[in-house]
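S.K.: Residue numbers (the numbering used here), protein chains in the order written: chain Z, 1 to 357; chain C, 1001 to 1194; chain R, 2001 to 2571.
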């Protein structure tokens, strides 16, 4: 026997990849708690189903690809994907929605591209987009937030709805969304967009029943919850500031300018910041390192692009929210962003050469 | 009338563009090595003939004329990859009929057995064997390409192909090889720790 | 140039991108005074200690050598001579495992000390300023002084550059964790180091000497500050603690605010850098006529009972050092030559201290956990953040795994200084530097093979040309001979018109030749039973017969061998 041979450096710092991923899930907790407060128990069931399906799918894929299953399951990336997808879909969506979405995310978007670290698209968002365009009805059936919801579902009622698509009392989700006076409740983003499209002005749209003090009832708190989670990630140095800052700048600056020039038809930055999946997208989704740009400048640009695309699609596009589409479009641009934002290597600055001459 | 005008106009245009193209072809001509030279550049130049051609250049010419690119065992995978890139074809595994890729070797003559027949000298494609009739021969290791061609003609079978020894400066950072490396020096009083 | 001057005169310290702050752990080793260790039973001196060619061995086995006596001759100023660290006998000249990550053996001179520690004749030179620079360079070269901070480049070669030098930078940064050899040397031998700096400044003609020390060594700073106080052209620059501030390129950036252009040497920007240990060695070589035969080595790590710094004679086996310091190996023990960031593990400890050995680190698994399982890269960019060369380590890693060598060179792989910061922070624990080293050595090997192929091609073409020429010459000779024969025949025909008699003569000659051939054949077949043949025939074939017998025997031997081999193959 002789001494152990190892490659330099000997020793290591910082969190390991699985710990990084665990921190992401941990930082989601405030947001998930708020979501569960305003939108019922559904989110917990969705998370549970998603995690089980994700790990099962991951195991089978890894086994089929003849890789080390232990290592692949330990890295927690499947966990992050599953949780992100589960909290993105309506909490009362039928069980097969989340199953299909998770399977697509894990099998097609991640493993088929070569597993962890190889996917070019954000798995959760690709899964979300697949669901949104395949099952638009189920994917837009968000219940109104708790204070204005016509019904209050218990744990058992929620589970029953997710499994059988109607409550034990026999109401389906469409009926659950409908208030006593027969109007079905849209999400704030959707409601404001529809109102504006119908020729109303912003102040009229803000009078809609689902609107709260800053943005939509429930949604504003949900976004603040994810903002808090984002702050935890930044403080833990799990993510860096470039993508969230670029993201929010890309969304908020155009919306501010538009609001200043057309205050009656263009929603302002606060509405955009606290509606839909803005904060979740800025701190948890766009920051997925695998499918994002790598250099600091590249990340700023990547975030900016996503924010801008979200504003453009929300304002003129056919869908009320756009985080998933924007993220996927920006994922496509990553190689070219990376290529043109490569930092200048030591000794290659033009100044350095000049001085030598 | 308008038909004739159209005809003339198109004819004139064709003429002008033709001239421009012709001019560009001369003016912006890209000087590049003929394809055979480029292929020859990629081949390992062992001149071993394992491809079935008498040397690397003839094989390069054959490839240029459409022969397979996977007949060169000394070059191995890297050469095939480069050839595939150059020729715009799919890289394929080495054709086993021409031999297998193996570790780099060099010829060594067991000098006390050499009878000085000069046959190996004639066989060596790169003149890397030194000697004269009835004089002992020796291989210039530095020039030897490890092509193997001298082994067959030797009447007394005194030429060995030995593996090129790894040296610290050519070592490829293969940490798994370390355990074997330490046993390469024969007389080491190795103090081992349990 | 002007910019650099302005920056340096302002006394600023610039920043370099990236860098890390690993735990320093210089204590407790840095608190112990330098010790001397007894000579080991044998001193192993590899002929090659540093970059470049090895010298020619000038001693033979069994020779008695004196301390400081040269053992090798440098060839054409390319390498450096090697000296006997103490008096003794040359026990062997043989292959020994090298102090190298590969564990591969190299030729080494093994000396067994006689215990007298008897010096060769020495000629101290206190007034070096009386000598000219070339003479001092020769002295430094003859003393075998190499850069003691890093790769061990011959100091005299570095100094011999014929370019103007504005700034001589003396590197006392010692940024790598654990290592405190230079720290100790600066604390205890500040005056000698300053003398060395004066000599270096005299040789290079530098306008100013900058001494750089990291701010985590207050004692060394105080001691050096005092020692340089009497010289106005030496300035002390305290740099903030950050790894790898002590890298040549990084330190130049810190002190001059400018980068060394890629693929150029610092001398191009009027800067030359030497390590404090080298400055000390230069002083000893020039003023005391003491060649480089020992150096300071840090012995540290939790598996050592008495950590500290020692004066280790070159060639001292690592196990002797470890025995001296009290080594308690644990399971899966790593013995690292160098620091935790850039050092390499030694598979065995029977390897010697060489000129570039600055530290032997034997960590416990708690203090430096062994690497875990390598996970996939998640492109988190932590590596790019800490890279002092602003490279994209994650990109290089993909390319290195894909063996895409041209793309690696495009991505400036060769600007990587292998500091290990990227691998240190990688959350997936990818041994990035290891991949780069492999890729670099493969690229270098390919270049070597390319050069060899080029040479082989030239030789092949030269041979083809020669064969062609020889063939033509042969044909030419034949043609000439044929012509000559024709002419002769014509002449003969003219001289002797009687054709018939000539014909007779010719046919009789042919008959005689046939008879001779038959006789020869018979002789070969029947051995000595060639009684039928004429006397002429029996006497002539004798030597031929001997020769053919020898050849036949050789062929038989070869055949037998081949048969044996075939049988082996079959089995």
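The C-beta atom is built at its ideal place from N, Cα and C for all residues, glycine as well.
So, with DSSP's three-state summary, where would you put residue 2311 of chain R?
M.R.: Three-state DSSP puts residue 2311 of chain R in a strand.
S.K.: Say whether chain C places a C-beta atom closer than 8 Å to the C-beta of residue 8 of chain Z.
M.R.: No, because no Cβ of chain C sits closer than 8 Å to the Cβ of residue 8 of chain Z.
S.K.: Mind checking if residue 2100 of chain R is an interface residue toward chain C, Cβ cutoff 8 Å exclusive?
M.R.: Yes, its Cβ sits closer than 8 Å to a Cβ of chain C.
S.K.: Run down chain R in chain order and give the residues with a C-beta less than 7 Å from the C-beta of residue 1178 of chain C.
M.R.: Under the 7 Å cutoff, chain R gives 2102, 2103 and 2347.
S.K.: Report the three-state DSSP secondary structure of residue 1171 of chain C (helix, strand or coil).
M.R.: Coil.
S.K.: Which residue wins for smallest C-alpha separation from residue 1128 of chain C, given the options C:1165, C:1148 and C:1134?
M.R.: Taking only the C-alpha atoms, the option nearest residue 1128 of chain C is C:1148.
S.K.: For residue 2335 of chain R, go through chain Z and note every residue whose CB falls closer than 9 Å to its CB, in chain order.
M.R.: Near residue 2335 of chain R (Cβ distances below 9 Å), the residues of chain Z are 3 and 4.
S.K.: Can you grab the Cα-Cα spacing for the pair residue 2142 of chain R / residue 2135 of chain R, in whole Å?
M.R.: Residue 2142 of chain R and residue 2135 of chain R: Cα-Cα distance of roughly 10 Å.
S.K.: Within the continuous alpha helix (DSSP H) that includes residue 1058 of chain C, where are the two ends?
M.R.: Element bounds for residue 1058 of chain C: 1056 to 1064.
S.K.: Is the region 1014 to 1030 of chain C touching the region 1041 to 1055 of chain C, taking contact as three or more C-beta pairs under 8 Å?
M.R.: With a cut-off of 8 Å, the region 1041 to 1055 of chain C and the region 1014 to 1030 of chain C do not count as touching, because too few Cβ pairs lie within range.
S.K.: For residue 1175 of chain C, which residues in chain Z fall below 7 Å Cβ to Cβ?
M.R.: Those within 7 Å of residue 1175 of chain C in chain Z are 5 and 7.
S.K.: With H, G and I counted as helix, E and B as strand and the rest as coil, what does DSSP make of residue 191 of chain Z?
M.R.: Here residue 191 of chain Z sits in helix by DSSP.
S.K.: If contacts are defined as beta-carbon pairs under 8 Å, then residue 219 of chain Z and residue 188 of chain Z qualify, I think. What distance do you get, rounded to the angstrom?
M.R.: That pair is a contact at about 6 Å.
S.K.: For residue 1132 of chain C, count neighbouring C-beta atoms within 10 Å of its own C-beta (all shown protein chains included) and say buried if the count is 16 or more, exposed if not.
M.R.: Per the 10 Å Cβ criterion, exposed.
S.K.: I want to verify the contact list: residues of chain Z whose CB lies under 9 Å from the CB of residue 1182 of chain C, in sequence order.
M.R.: Correct list: 2.
S.K.: Along chain Z, in chain order, which residues have C-beta atoms closer than 7 Å to that of residue 2428 of chain R?
M.R.: Chain Z residues near residue 2428 of chain R: 17.
S.K.: Just checking my contact of residue 2394 of chain R with residue 2377 of chain R at CB under 8 Å: how many whole Å lie between their CB atoms?
M.R.: Contact flag correct, Cβ pair sits at about 5 Å.
S.K.: What's the call for residue 90 of chain Z, buried or exposed, on a 16-neighbour Cβ count within 10 Å?
M.R.: When all chains shown are included, residue 90 of chain Z counts as buried.
S.K.: Extract the residue ranges of the alpha helix (DSSP H) inside the region 2304 to 2371 of chain R, only unbroken runs of 4 or more that lie entirely within it.
M.R.: DSSP runs (the alpha helix (DSSP H)) wholly in the region 2304 to 2371 of chain R: 2318 to 2325.
S.K.: Taking the alpha carbon of residue 2303 of chain R as the point to measure from, which residue in R:2336, R:2155 and R:2283 has its own alpha carbon closest?
M.R.: Nearest C-alpha to residue 2303 of chain R: R:2336.
S.K.: Assuming the contact rule is C-beta atoms closer than 8 Å, residue 2281 of chain R and residue 2194 of chain R should be a hit. Round their C-beta distance to whole Å, please.
M.R.: No, residue 2281 of chain R and residue 2194 of chain R are not in contact; Cβ-Cβ is about 14 Å, not under 8 Å.
S.K.: Which one of R:2307, R:2291, R:2003 and R:2290 has the shortest CA to CA distance from residue 2297 of chain R?
M.R.: When only C-alpha atoms are compared, the closest one is R:2307.
S.K.: Please decide whether residue 344 of chain Z counts as near chain R, where near means a Cβ-Cβ distance under 8 Å.
M.R.: Answer yes: the Cβ-Cβ gap between residue 344 of chain Z and chain R drops below 8 Å somewhere.
S.K.: Of all the CB atoms in chain Z, is at least one closer than 8 Å to the CB of residue 2381 of chain R?
M.R.: Taking Cβ atoms only, chain Z reaches closer than 8 Å to residue 2381 of chain R, which makes this a yes.
S.K.: Any idea which residues DSSP pairs residue 1106 of chain C with across the strands?
M.R.: Answer by DSSP bridge pairing, in chain order: C:1162.
S.K.: Within 10 angstroms of the Cβ of residue 2531 of chain R, are there 16 or more other Cβ atoms? Answer buried if so, exposed if not.
M.R.: Annotation note: pLDDT 43 at residue 2531 of chain R (below 50); position unreliable, coordinate value reported separately. Its Cβ having fewer than 16 others within 10 Å, residue 2531 of chain R is exposed.
S.K.: Can you list the residues of chain R that residue 116 of chain Z reaches, using a CB-CB cut of under 8 Å?
M.R.: 2375, 2376 and 2378, listed in chain order.
S.K.: Listed in chain order, which residues of the region 1060 to 1090 of chain C have Cβ atoms closer than 8 Å to some Cβ of chain R?
M.R.: Residues 1078.
S.K.: Are the Cβ atoms of residue 301 of chain Z and residue 293 of chain Z separated by less than 8 Å?
M.R.: Contact: yes.
S.K.: Per DSSP, residue 2067 of chain R forms a beta bridge with which residues?
M.R.: For residue 2067 of chain R, which the question treats as bridged, DSSP gives the partners R:2119.
S.K.: Relative to the C-alpha of residue 2153 of chain R, which candidate in R:2426, R:2140, R:2406 and R:2030 has its C-alpha closest?
M.R.: If we check each option's Cα against that of residue 2153 of chain R, R:2140 comes out closest.
S.K.: How many Å lie between residue 2013 of chain R and residue 2269 of chain R at the Cα?
M.R.: Whole-angstrom Cα-Cα distance: 18 Å.
S.K.: Run through DSSP, which three-state label would residue 288 of chain Z get?
M.R.: Reduced to three states, the DSSP call for residue 288 of chain Z is coil.
S.K.: Using only CA atoms, which one of R:2162, R:2256, R:2020 and R:2329 lies nearest to residue 2175 of chain R?
M.R.: With distances taken between Cα atoms, residue 2175 of chain R lies closest to R:2020.
S.K.: Determine the direct distance from the alpha carbon of residue 1075 of chain C to that of residue 2459 of chain R, and round the result to whole angstroms.
M.R.: The straight-line gap from Cα to Cα measures roughly 18 Å.
S.K.: Do you know whose CA, among Z:269, Z:257 and Z:236, lies nearest residue 248 of chain Z's CA?
M.R.: Selected option, being the one with the closest Cα: Z:269.
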